[in-house]
Amino acid sequence: IDSIYIGTESGFILSYPWLGGFESAYDPRLREWYKSAVKNPAGVWTQPYIHVATKELIVTYAKAFYGKDNELRGVLEVDVTLAVLNERIINTRVGKKGYAFLIDDSGKIIVRPGLEVNDTRWDETYKTDCLLDTDNSELKEIILRMINGETGVSRCNFDEAEKFLAYAPIENTTWSMGVVMPREEMLKPMHEIQEKIISQIHESENYINRKRTTVLTTTIITALILSSLISVSAISISRKITRPILKLNEGANIVGGGNLDYKHDIRTGDEIEELSNTFNKMTEDLKIYISDLKQTTAEKERIESDLRIANEIQNSMLPSIFPPFPNRLEFDIYACMEPAKEVGGDFYDFFLVSEEHLCFVIGDVSGKGVPAALFMVIVKTLIKTEASRGIPPQYVLFNVNNILVPENSACMFATVFCGLLNLKTGELQFANAGHNPPIISRSGGATDFLETPAGFVLGTIADVQFGSGTINLEKDDMIFLYTDGVTEAMNEKKELFSEKSLLDIVTRFNKECACELIREVRRQVSYFVKITPQYDDITMLTVKFNEDITPEIEA
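Just so we're aligned, residue 496 is where the sequence shown starts under this note's numbering, counting upward by one.
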């Protein structure tokens, strides 16, 4: 550090150590170091310039300082003369012809050998060369790396010679230092070492060749002797080894032919005997495995037979003849159920409570397989028993729930939607026990999900009240019921079929009969899931109201 200065915002200049000789026109606020520091609060290094007092070439680090109110008070500058940089860095000897230089972040030379003040005044800009202005593309590329703060060594042709240029950034500055050394000077020590290595290699080759000839002769003689001994020994040993192996192979063929009672009797006292004993044990284990497999297969066939029978029983309990009431033309009804396993927990039902009332139900029991199917039978039977009394749907669900709760030690439950349709007036009463809301399609209006009162599932808590609702159906109005196996059907991308897709299909095909609508929904679900296995039961029920057009029965 040559000197330290403080230029204040009021125009005063303070220095350490104190130097006179400041020009009367000198105003620190107008100097480039002052203005740059104000623009860059983090501090800034300047390009070389002429000191106003010493008339020397210097570079400056400047940083603005502020008062308590964050008001600019002035700029602190620290000066370093280029003479010091030249003496301590640039003039350091680098080989015989090498030299060093510094550039800033714009490619301008800060210091290099031979840099002089010339006749530049203190209030004039000191002009330095910018290495980016060179026509040498190789040198220009290296300078760009230096500006970017990279470290490295590159080869470059300039000043009519090939040279190496090593470069690295200088910490806490925006400068980069480069060191130039001619190629021949850099590689001279390597050439000397190369010549010594080649000479040593030739000497080593001669020594190795002599030793190799001796060793080769000895090896050939030894090999001839050993090969004769090995041939004799190999014949004897091979006979001893192969005889029990051939016997073991013969026994394996016998066992492979189906004789699992055959036993190997090999006593060699080595690994062959252990292999023979292992083979005998494997044969015994195989006999046991085959016996167990026969028993397991028979048991599996029995279970599959039972499941087939259970599936037939379950299907027989669900209405499956359509149309179920051929003489009743005031409504059209269709339903289907496809279990995910041999038997499922979904169910549906419909029946005439009276000549004027049709009851229809859809439900989904928790779990899968036989337990769900058994619980389903109980729930379905209880619902039909209670509904046949002609009571409203909410009381049907209330009574069934109170019957299920005391005996439900398995903690199973069911979601149920129950509807009671007046075939004369089109009035539909309904109640919901936690089931998916149906879709209501109006013949002259929109298709949307039916707003159903919130309701809890059946079988868990006694005395639960189930809310009810009432709507009126007009001619060709349709109500579509389903279980979550439809909307939650999943494809290979783990995407769900969704309520939106179901609503779109019902909207497009709401003019079809109940049967065709359900078949179209099933086709669309199958197309969506493709080869993905079915993980849940798929159940649907559709009722289409045709008004009271029941033919009169003659007395």
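Think of the CB as a built atom: it goes at the ideal place given N, C-alpha and C, for glycine as much as any other residue.
Exposed or buried, what is R607 when buried is set at 16 or more other beta-carbons lying within 10 Å of its beta-carbon?
-> The residue in question, R607, is buried, as its Cβ has 16 or more Cβ neighbours within 10 Å.
Would you list the one or two residues that DSSP bridges to E922?
-> DSSP links E922 through a beta bridge to N967.
Length of the line joining the Cα atoms of M641 and P677 = Straight-line spacing of the CA atoms in M641 and P677 works out to 19 Å.
Considering only the beta carbon of each residue, do A835 and D1031 sit closer than 8 Å?
-> Yes, these two residues count as a Cβ contact at 8 Å.
Can the beta-carbon of A909 be found less than 8 Å from the beta-carbon of V874?
-> The Cβ atoms of A909 and V874 sit closer than 8 Å to each other.
Return the CA-CA distance between L682 and N652, expressed in angstroms with no decimal places.
-> Whole-angstrom Cα-Cα distance: 16 Å.
Can you tell me the Cβ-Cβ gap for V1035 and L945, rounded? I've got them flagged as a contact below 8 Å.
-> The identity of residue 1035 in the sequence shown is Met, whereas the question assumes Val. Rounded, the Cβ-Cβ distance is 15 Å, inconsistent with contact.
Local conformation of E566 per DSSP, three classes | Three-state DSSP puts E566 in coil, outside helix and strand.
Around the C-beta of Q689, are 16 or more other C-beta atoms found within 10 angstroms, so that it is buried, or is it exposed?
-> Classification of Q689: exposed, given that the 10 Å Cβ count is below 16.
Inspect the CB distances between the stretch 627–644 and the stretch 711–728 and report whether three or more fall short of 8 Å.
-> At 8 Å Cβ cutoff, the stretches do not touch.
Environment of C906 [buried if 16+ CB atoms lie within 10 Å] = Exposed, since its Cβ has fewer than 16 Cβ neighbours within 10 Å.
Which of helix, strand or coil DSSP assigns to V952 = Three-state DSSP puts V952 in coil, outside helix and strand.
Got a sec: is the Cβ-Cβ distance from K879 to anything in chain C below 8 Å?
-> In the structure shown, chain C cannot be found, because there is only a single protein chain.
Within 10 angstroms of the Cβ of S671, are there 16 or more other Cβ atoms? Answer buried if so, exposed if not.
-> By the neighbour-count rule (16 or more Cβ atoms within 10 Å), S671 is buried.
Confirm, please, whether the CB-CB distance from L567 to V533 is below 8 Å.
-> Contact check for V533 against L567 passes: the beta carbons are separated by less than 8 Å.
List the DSSP bridge partners of V874.
-> DSSP output for V874 lists no bridge partner at all.
Look at C913 and I878 and say whether their C-beta atoms are less than 8 Å apart.
-> Yes.
Three-state secondary structure assigned by DSSP to A718 = When secondary structure is reduced to three states using DSSP, A718 falls in the helix class.
For V589, the residue or residues it bridges with in DSSP | Answer is G593.
Can you pull the DSSP bridge partners for I604?
-> Looking at the DSSP assignment, I604 forms a beta bridge with I598.
Where L577 falls: helix, strand or coil (DSSP) | For L577, the secondary structure class from DSSP, reduced to helix, strand or coil, is helix.
Rounded separation between L892 and V1001 - CA only | Here the C-alpha atom of L892 lies approximately 28 Å from the C-alpha atom of V1001.
Can you tell me the Cβ-Cβ gap for L853 and L918, rounded? I've got them flagged as a contact below 8 Å.
-> About 6 Å; that satisfies the 8 Å criterion.
In whole angstroms, what separates the C-alpha of V952 from that of F870?
-> Between the C-alpha atoms of V952 and F870 there is a straight-line separation of about 14 Å.
Within 10 angstroms of its Cβ, does D841 collect 16 or more other Cβ (buried), or is it exposed?
-> Classification for D841: buried.
Which word fits E745, buried or exposed, when buried means at least 16 other C-beta atoms lie within 10 angstroms of its C-beta?
-> E745 is exposed by the Cβ-count criterion.
Check whether F1004 and E994 have beta carbons under 8 Å apart = Remark: C-beta atoms of F1004 and E994 do not approach each other more closely than 8 Å.
Pair within 8 Å by beta-carbon distance, V911 and V856 | Between V911 and V856, the gap from beta carbon to beta carbon is short of 8 Å.
Can N916 and I966 be called in contact, C-beta distance under 8 Å?
-> Per the sequence presented here, residue 916 reads as Leu, with Asn not at that position. Not in contact: L916 and I966 (Cβ atoms no closer than 8 Å).
Give the DSSP-derived three-state secondary structure of T737 in the structure shown.
-> In the structure shown, T737 sits in a helix (DSSP, three-state: H, G or I).
Could you check if F826 is buried or exposed, using at least 16 other CB atoms within 10 Å of its CB as the buried criterion?
-> With 16 or more other Cβ atoms within 10 Å, it is buried.
Close-in-space but distant-in-sequence residues of the same chain around N903 (CB under 8 Å, 5 per side omitted) | For N903, where only same-chain residues beyond five positions count, the Cβ hits under 8 Å are G954 and T955.
Give the secondary structure of R650 by DSSP, where H, G and I count as helix, E and B as strand, and everything else as coil.
-> Here R650 sits in strand by DSSP.
Return the chain-ordered list of same chain residues with a C-beta closer than 6 Å to the C-beta of Y511, the five sequence neighbours on each side being excluded.
-> Correct list, in chain order: I499.
Where C1010 falls: helix, strand or coil (DSSP) | Helix.
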